[in-house]
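Protein chains: 2
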Amino acid sequence: MKIGPLLIKLRMICGDRFAMGPGKAQLLEALDREGSISGAARSLDMSYRRAWLLVDETNRCFTEPLVETLAGGGRERGARLTPAGHKAIAAFRALEEASAVLAESEASRTLAAMIRAEPLAAEERAKDE
Amino acid sequence: MKIGPLLIKLRMICGDRFAMGPGKAQLLEALDREGSISGAARSLDMSYRRAWLLVDETNRCFTEPLVETLAGGGRERGARLTPAGHKAIAAFRALEEASAVLAESEASRTLAAMIRAEPLAAEERAKDE
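If you read the protein sequences in the order shown, they are chains A and B.
Under the numbering used here, think of the first position of the first sequence as 626, with each following residue one higher.
Under the numbering used here, think of the first position of the second sequence as 626, with each following residue one higher.
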């Protein structure tokens, strides 16, 4: 998430994998909205295969699966968040919200005050010197 | 930075560029230690060209340059942090330190408690079901 010039990326790791992060949270929210992995993939302009792999990876990282697929129907069969899925998404979004306090820290304000709105072009700088 | 299962990446943006982040902070610290861009590049196993471009980009993002190069000597000529450079690095590292509180938040603890130490292997999961 971006707060002024500060960009904060939070991820939860599980071994050498990412259990949760901005991309997976967005995918699970889309799945909750669309009611299937294929629908979530379409709404995010992502391939079905990629969406399936991300959901599977997340499920394997948590002690309880976050997503359950309904029987039958192939790719178009329904999928939904489990109670653990709703809890994990809510906690991740709360963690992101909590991180906003960093933008108010003295360190962040010090840096922000030193940074231009846009980088000086390489040409202009060469001219200045 | 990594605190248990929580991975936090902080960056300061400037237009469509990164003014400061973990990689640039590490490069500027190496430059401060080694006394030249070429020495910093060598110590980080990075090409001179890439190190030079990163230093230049950072300089163009701040209102005052963070690095100044000394006259003469081509690639081996010295470079050092300016007072603004020391201030920016200290503020960035302080911001990273401040972010550690997020690992103590209820949201982070909730997520951490739901995540396995290692992902379940795809094969094992298939067998479980």
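Beta carbons: idealized from backbone N, C-alpha and C, even for Gly.
Run of the alpha helix (DSSP H) containing residue i, from where it starts to where it stops
i        : result
B:THR683 : 673–686
B:ASP663 : The amino acid occupying residue 663 of chain B in the given sequence is Ser; Asp does not appear at that position. Taken as a continuous stretch (DSSP letters only), the alpha helix (DSSP H) holding B:SER663 covers 662–668.
B:SER730 : Where B:SER730 is concerned, there is no enclosing alpha helix (DSSP H), given that its DSSP letter is neither H nor E.
Best match in the options for proximity to residue i [C-alpha to C-alpha]
i        : options                                : result
A:THR735 : B:LEU745, B:LYS712, B:GLU731           : B:LYS712
B:GLY660 : B:ARG718, B:THR707, B:ALA715, B:PHE717 : B:THR707
A:LEU695 : A:ILE662, A:LYS627, A:SER668           : A:ILE662
B:ALA719 : A:LEU720, A:GLU721, A:ILE714, A:ALA732 : A:ALA732
A:LEU669 : A:ARG685, A:GLY648, A:GLU682, A:LYS627 : A:GLY648
B:LEU745 : A:PHE687, A:MET637, A:PRO630, A:SER672 : A:PHE687
A:ALA715 : A:GLY629, A:ASP657, A:ILE628, A:PRO630 : A:ASP657
A:ARG702 : A:SER730, A:TRP677, A:ALA650, A:MET671 : A:TRP677
B:ALA747 : A:GLU682, A:SER730, A:PHE717           : A:GLU682
For residue j and residue i, believed in contact at Cβ under 8 Å, the rounded distance
i        : j        : result
A:GLY640 : B:GLU654 : Rounded, the Cβ-Cβ distance is 29 Å, inconsistent with contact.
B:VAL692 : B:GLY710 : 6 Å
A:MET626 : A:GLU689 : 27 Å between Cβ atoms; not a contact.
A:LEU652 : A:LEU679 : 6 Å
A:LEU762 : B:ILE638 : Nothing can be reported for residue 762 of chain A, as the shown portion of chain A is limited to 626 through 754.
A:TYR673 : A:ARG700 : 6 Å
B:ALA650 : B:PHE717 : 5 Å
Beta-ladder partner(s) of residue i, from DSSP
i        : result
B:ALA709 : Looking at the DSSP assignment, B:ALA709 forms no beta bridge with any residue, so it has no partner.
B:VAL692 : B:LEU706
B:LYS627 : B:LEU632
A:ILE714 : The partner list for A:ILE714 (beta bridge, DSSP) is empty, contrary to what the question assumes.
Delimiting residues of the beta strand (DSSP E) encompassing residue i
i        : result
B:LEU631 : 631–639
A:ARG642 : 642–645
Near the ligand PLP: residue i beta-carbon under 7 Å from a heavy atom
i        : result
A:ARG675 : As for the ligand PLP, it is missing from this structure, which has no ligand bound.
At a cut of 8 Å, does the segment 643–652 of chain B reach the segment 737–747 of chain B through at least three beta carbon pairs? Taking one beta carbon from each stretch, the segment 643–652 of chain B and the segment 737–747 of chain B have fewer than 3 pairs nearer than 8 Å; the two do not touch.
Below 8 Å, how does it come out for the segment 721–728 of chain B and the segment 724–733 of chain A: are there three or more Cβ pairs, yes or no? Touching, per the Cβ criterion.
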